[in-house]
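A.B. asks: This structure is in structure tokens; I'll ask about it shortly.
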Amino acid sequence: MTTRSALVLGARRELGTVGLVAAMCGFYAGVLLVASETLRVNSESVGDVSAIGLVLGVVASVFIAVAVYVSAVVIVNGVDTVIAGRLKQIALLRLLGADARSLRGAVVRGTTGVAAAGGTAGVLAGVLTGDVTRAALVAADRLPDGGYALLPVLALPAAAVVTLAAAGAAWVGSRAVLRATPAQALSGASVPAPDSPRAGRLRRWLTVALIGSGALVLAGAAVLGESGNAIGFLAAALGAMLSGTGLLVGARLVVPRLVSLVSRLLGTDPPSKVAARNAVRDPGRTTRSTMGLVIGVTLVTTFAAGFAALRVAAASWDQTAAQAAQTDDILRHTSTIMICLVVVSSAIAAVGFVSTMSLGVIQRTREIGLLRALGFTSGQVRTMITKESVALSATAVGFGMGLGLAYGALGAQSLVGFQNDGFVWGLPGPVLAGIAVAGVLLVLAASWVPSSRAVAVTPVEALRSST
Amino acid sequence: MDSLLSFSSVSKVYGDGGPGAVRALDDVTVAVPRGGFTAVMGPSGSGKSTFMNVAAGLDDVTAGEVHVAGHPLHRLDDRARTLLRREQVGFVFQSFNLVPTLDVRENVLLPFELAGRRLRTDEHAWVEHLLEVLGLGDRVAHRPGELSGGQQQRVAIARALAPRPAVVLADEPTGNLDTRSSREVLGLLRTAAREYGQTIVMVSHDPVAASYADRVLVLADGRLVGDHDAMTPQQIAELLIGFEVGAA
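Below is the structure:
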């Protein structure tokens with residue numbers, strides 16, 4: 011990292027999340043590419059259609075793309091959070107003569123460098139893990155010995171994609187650098203500028219259009235499913251993509267409100283009140299740290315709910331007991347595999363969530379010192395931080411579960427609706443319970459460390475600190 | 044003795060007592076009686092801030108006793124000190140006084156909320172009176188970020204006075220303000236002391252600020268070296284220069 015980006019971004023530790031997220035994403039891509047390479051070689055050796063190779067490649071690419079997207083959202087948030095905490099220093103640099111563009115460029119280069127290292131290391135580690143696992147399976151005669159490529163063709167491009175996504179994310183996340191004016195170095199705190207009215211209107215319009223058309227297509231898919239039309243499932247996928255994109259675009263309009271609604275349920279005592287305000291302090295950041303989790307939870311719930319619905323539907327079909335057991339078995343295994351494939355995106359989002367919460371608390375050291383001086387006990391400070399974390403993650407988990415249940419059921423309905431009476435749906439109890447437990451663990455992880463740190467600092471030190 | 048804040052032989056040493064140790068407070072004994080506006084003066088590094096932090100129970104003493112409103116601060120644990128602070132001490136800092144996510148009224152009412160009690164009718168009237176007198180009547184729904192420095196400091200004063208604490212501690216309350224806002228803030232503090240009988244202890248290095256007080260304590264190198272009645276800015280400045288020259 012150059013001196014300049016070190017000046018803007020501060021300690022390398024603050025970019026640790028970027029490296030970790032890029033590495034997780036790269037590792038996932040590496041493993042997935044080796045798996046799809048293995049399947050492709052095997053299906054060809056059986057003399058199957060060559061189209062299978064293409065399909066596998068597409069499927070792997072889609073899963074990798076989702077993970078890259080979630081990583082990018084996490085990185086945008088990471089960079090934005092780091093910069094928000096350093097606006098004063100950036101303003102000082104501007105005052106001393108640095109121009110905003112080159113400072114932003116420095117942020118992007120610093121972040122991209124970290125992400126490139128993390129992403130490449132992750133991909134190589136993932137490929138290596140995949141190769142070793144495959145070799146072990148071949149040695150145990152579980153897989154035929156074929157001419158597998160040790161390094162899948164797409165491995166290095168995957169590392170490049172991760173790096174490029176990080177660069178783009180750093181660019182988006184560093185927008186605040188441009189808003190730091192030299193005068194801010196001399197005056198007090200800065201307030202994040204709201205969306206310009208025009209941007210706001212465009213966002214609103216796009217959101218309504220995307221969600222509306224997506225909902226229509228989804229409804230159409232459910233109807234097509236009743237008539238057994240093969241187009242139904244494609245329509246469901248398209249509808250989910252449209253409405254999902256709409257939700258992502260419009261999240262900024264809805265999520266902060268949802269979070270503040272949820273946080274109002276936490277109580278009205280001072281810790282809860284301050285926690286509720288902190289949760290929506292910066293609507294952009296609130297939205298991003300929640301949406302990463304929403305995407306993860308939605309994906310897991312969609313697959314779980316979809317397969318649960320299919321299993322419920324299949325149970326009512328006219329088949330022998332042996333057939334029924336076999337169908338259920340296949341569905342159960344496929345469901346597990348799919349959930350394992352998408353759960354990685356949730357893990358990446360969770361890492362981002364923990365990191366944003368921690369950084370946010372560190373940046374509030376002085377404010378917490380003030381609260382302690384005014385009479386917040388250390389217990390109340392802990393409560394405050396935990397409740398903020400609860401407000402954000404409960405909203406994300408609730409939103410994602412609801413969305414996933416709807417998408418999953420609609421997908422199943424569009425596939426097999428014609429074979430069953432009425433609407434096909436299912437409740438994947440164990441998976442929902444698992445998500446809830448993971449949500450609780452996430453809250454604890456995201457609030458325990460920063461709150462311990464916050465109460466370990468005495469009010470005097472906190473009030474004196476420059477951050 | 045009817046003193047709200049008393050130090051007896053208080054010392055505060057930073058560091059492990061070796062050659063690098065700093066005696067921020069050195070055997071300070073002083074009593075601040077009920078009512079009145081006391082200024083604590085001294086050049087930077089004289090122990091003013093430490094005096095304030097110790098008086099507020101934000102920092103431990105190395106030796107000696109500190110009593111606030113009859114409570115032995117030096118013997119209380121962190122939680123008890125927090126509660127004492129909540130009930131008996133009001134604060135005005137140099138900067139960063141307000142909780143940025145709460146609006147003006149919420150900031151002023153925070154001490155009551157922390158104590159977990161509703162406002163009595165007379166307290167409610169008192170808060171409204173304060174907001175009005177401090178010229179904040181039409182700004183109660185604003186966030187601190189939307190106010191000027193002087194306005195923010197007035198909100199902090201309202202918050203400090205609202206629960207009628209035993210003592211209000213003000214740490215360089217005009218350090219970040221322009222001349223006009225400074226005079227306003229100092230005038231308000233003096234009024235609070237004279238008209239409402241509020242005990243106020245203000246730490247400052249500014250002779251003009253200290254001239255608003257009716258008692259001036261002077262610290263130098265952690266020792267209490269002066270205890271005077273109200274003085275003019277010129278007198279205070281000369282006094283300080285005398286110590287600086289004497290030390291050199």
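Chains as they are written, first to last, in my numbering: chain A, 11 to 477; chain B, 44 to 291. The beta carbon of each residue, even a glycine, is placed where N, CA and C say it ideally should be.
Going by beta-carbon coordinates alone, are A/ASN288 and A/GLY183 separated by less than 8 Å?
C.D. replies: no
A.B. asks: Can you pull the chain B neighbours of A/ARG189, defined as C-beta to C-beta under 8 Å?
C.D. replies: Result: empty, since nearest Cβ-Cβ is about 14 Å, beyond 8 Å.
A.B. asks: Go ahead and label B/HIS167 buried or exposed: buried means 16 or more other beta carbons lie within 10 angstroms of its beta carbon, across all protein chains shown.
C.D. replies: Classification of B/HIS167: exposed, given that the 10 Å Cβ count is below 16.
A.B. asks: Going by other Cβ atoms of all chains shown within 10 Å of its Cβ, with 16 needed for buried, is A/VAL272 buried or exposed?
C.D. replies: buried
A.B. asks: Using a Cβ cut-off of 8 Å (strictly closer), state whether A/SER388 contacts chain B.
C.D. replies: True, the Cβ-Cβ gap to chain B drops below 8 Å.
A.B. asks: Name, please, each residue of chain B whose Cβ falls closer than 8 Å to the Cβ of A/PRO280.
C.D. replies: LEU153, GLU156 and LEU157
A.B. asks: Got a sec, what are the start and stop residues for the beta strand (DSSP E) B/THR105 sits in?
C.D. replies: Where B/THR105 is concerned, there is no enclosing beta strand (DSSP E), given that its DSSP letter is neither H nor E.
A.B. asks: If we cut at 8 Å on Cβ distances, does A/PRO460 have a partner in chain B?
C.D. replies: It does not: the Cβ of A/PRO460 has no partner Cβ on chain B nearer than 8 Å.
A.B. asks: How big is the Cα-Cα spacing for A/ALA334 and A/ARG342?
C.D. replies: For the pair A/ALA334 and A/ARG342, the Cα-to-Cα distance works out to about 12 Å.
A.B. asks: Please report the straight-line C-alpha distance between A/LEU216 and A/ALA286, rounded to a whole angstrom.
C.D. replies: In this structure, the straight-line span from the alpha carbon of A/LEU216 to that of A/ALA286 is close to 29 Å.
A.B. asks: Three Cβ pairs or more, each shorter than 8 Å: is that satisfied between the stretch 392-412 of chain A and the stretch 262-282 of chain A?
C.D. replies: yes
A.B. asks: In chain order, what residues of the same chain have a beta carbon less than 6 Å from the beta carbon of A/VAL284, not counting five sequence neighbours either side?
C.D. replies: MET394
A.B. asks: Name the chain B residues that come within less than 7 Å of A/ARG287, Cβ to Cβ?
C.D. replies: THR144 and LEU145
A.B. asks: Label B/GLN277 either buried or exposed according to how many other C-beta atoms from any shown protein chain fall within 10 Å of its C-beta, with 16 as the threshold for buried.
C.D. replies: exposed
A.B. asks: Assign A/THR330 to buried or exposed, taking buried as 16 or more other Cβ atoms, counted over all protein chains shown, within 10 Å of its Cβ.
C.D. replies: exposed
A.B. asks: Answer yes or no: do B/PHE94 and B/TYR255 have a C-beta to C-beta separation smaller than 8 Å?
C.D. replies: Not a contact, by the Cβ cut-off of 8 Å.
A.B. asks: Could you work out which residues of chain B lie near A/ARG291, taking near to mean beta carbons separated by less than 9 Å?
C.D. replies: PRO143 and THR144
A.B. asks: Nearest chain A C-beta to B/ASP59 closer than 8 Å, yes or no?
C.D. replies: no
A.B. asks: What are the boundary residues of the alpha helix (DSSP H) that includes A/VAL407?
C.D. replies: 388-426
A.B. asks: Could you name the residues of chain A that B/ARG128 contacts, counting a contact when the two beta carbons are closer than 8 Å?
C.D. replies: ALA383, LEU384 and GLY385
A.B. asks: Which residues in chain B sit within 9 Å of A/LEU380, going by Cβ to Cβ distance?
C.D. replies: PHE134, PHE136, PHE139, ASN140, LEU141 and VAL142
A.B. asks: Does DSSP put B/MET292 in a helix, in a strand, or in coil?
C.D. replies: Residue 292 of chain B lies beyond the residue range present for chain B, which begins at 44 and ends at 291; the question has no answer from this structure.
A.B. asks: If you drop the 5 nearest sequence neighbours on each side, which residues of the same chain put their C-beta closer than 6 Å to that of A/PRO202?
C.D. replies: In this prediction, A/PRO202 has a pLDDT of 45, which is less than 50 and means its spatial position is unreliable; nothing more can be read from the coordinates.
A.B. asks: Could you tell me which uninterrupted alpha helix (DSSP H) segments, each at least 4 residues in length, are contained entirely in the stretch 138-187 of chain A, listed from first to last along the chain?
C.D. replies: Within the stretch 138-187 of chain A, the complete alpha helix (DSSP H) runs of at least 4 residues fall at 165-183.
A.B. asks: Does A/PRO438 get closer than 8 Å to chain B when you measure Cβ to Cβ?
C.D. replies: no
A.B. asks: Provide the residue span of the beta strand (DSSP E) that contains B/ASP300, from first to last.
C.D. replies: No answer is possible for residue 300 of chain B: it lies beyond the span of chain B, which begins at 44 and ends at 291.
A.B. asks: A/SER46 and A/ILE358: beta carbons closer than 8 Å?
C.D. replies: no
A.B. asks: Check the Cβ-Cβ distances between A/GLU377 and every residue of chain B, and say whether any is below 8 Å.
C.D. replies: yes
A.B. asks: Determine the DSSP secondary structure at A/PRO202, reduced to helix, strand or coil.
C.D. replies: Residue placement at A/PRO202 is flagged as unreliable, the pLDDT there being 45, under the threshold of 50; a coordinate-derived value is accordingly withheld.
A.B. asks: Are the CB atoms of A/ALA383 and A/PRO469 nearer to each other than 8 Å?
C.D. replies: yes
A.B. asks: Specify, as a first and last residue, the run of the alpha helix (DSSP H) that B/ARG128 falls within.
C.D. replies: 121-131
A.B. asks: Please list, in chain order, all residues of the same chain as B/ASP249 whose beta carbon is under 7 Å from its beta carbon, the five residues on each side excluded.
C.D. replies: Apart from sequence neighbours up to five positions away, the residues of its chain that approach B/ASP249 with a beta-carbon distance below 7 Å are THR217, ordered along the chain.
A.B. asks: What ranges does the alpha helix (DSSP H) occupy inside the stretch 45-120 of chain A, keeping only unbroken runs of at least 4 residues that lie completely in it?
C.D. replies: 61-94 and 97-105
A.B. asks: Put B/THR242 into one of helix, strand or coil per three-state DSSP.
C.D. replies: strand
A.B. asks: Quick check on DSSP: helix, strand or coil for B/LEU283?
C.D. replies: Correct three-state label for B/LEU283: helix.
A.B. asks: DSSP on A/THR366, reduced to helix/strand/coil?
C.D. replies: helix
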